[in-house]
Amino acid sequence: SLIASANNNDNLVPVYGIENGDQVSGVGTMMLKGDIWVIRTAGSEGTDYLPSNLTKAFQVDGKAVTFEANLDEIPPGVRMAGRPVTLVSIK
Numbered sequence: 017s018l019i020a021s022a023n024n025n026d027n028l029v030p031v032y033g034i035e036n037g038d039q040v041s042g043v044g045t046m047m048l049k050g051d052i053w054v055i056r057t058a059g060s061e062g063t064d065y066l067p068s069n070l071t072k073a074f075q076v077d078g079k080a081v082t083f084e085a086n087l088d089e090i091p092p093g094v095r096m097a098g099r100p101v102t103l104v105s106i107k
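Following the working numbering, the numbering of the sequence shown begins with 17 at its first residue and continues without gaps.
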């Protein structure tokens, strides 16, 4: 389900990546960043998520996905292509 929030103009703005504690769920687009697959969520606060367990079936540039994932730790001093996650479900 799509969650919406109101901005100053009282227009509904879709929010695609909802982080809730240690989990995230949302709608995004598969994207190849260099040689790394990420899920890019839409919106002005779009985020790239870097799934550690992405199957080949979803490694398709531009594929729209709905996903749920557990947020993983970012190692200290390491720059990553996206926020590391472990997928719980993707479709």
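Beta carbons: idealized from backbone N, C-alpha and C, even for Gly.
Answer with yes or no whether the minimum CB distance from residue i to chain B is below 8 Å.
{"i": "THR45", "result": "The structure shown contains no chain B, having only a single protein chain."}
From residue i to residue j, what distance separates their C-alpha atoms?
{"i": "SER105", "j": "ALA73", "result": "13 Å"}
{"i": "ASN36", "j": "PRO67", "result": "17 Å"}
{"i": "LEU48", "j": "PRO91", "result": "22 Å"}
{"i": "GLN39", "j": "GLN75", "result": "22 Å"}
{"i": "GLU89", "j": "LYS107", "result": "24 Å"}
{"i": "VAL94", "j": "TYR65", "result": "15 Å"}
{"i": "GLU61", "j": "VAL43", "result": "13 Å"}
Does DSSP put residue i in a helix, in a strand, or in coil?
{"i": "LYS49", "result": "strand"}
{"i": "ALA73", "result": "helix"}
{"i": "GLY37", "result": "coil"}
{"i": "VAL101", "result": "strand"}
{"i": "THR82", "result": "strand"}
{"i": "THR57", "result": "strand"}
Do residue j and residue i have their beta-carbon atoms positioned less than 8 Å apart in this structure?
{"i": "ASN86", "j": "THR71", "result": "no"}
{"i": "VAL81", "j": "ILE55", "result": "yes"}
{"i": "THR45", "j": "GLY78", "result": "yes"}
Whose C-alpha, out of the options, is nearest the C-alpha of residue i?
{"i": "MET96", "options": "GLU61, VAL76, GLY50 and PHE83", "result": "GLY50"}
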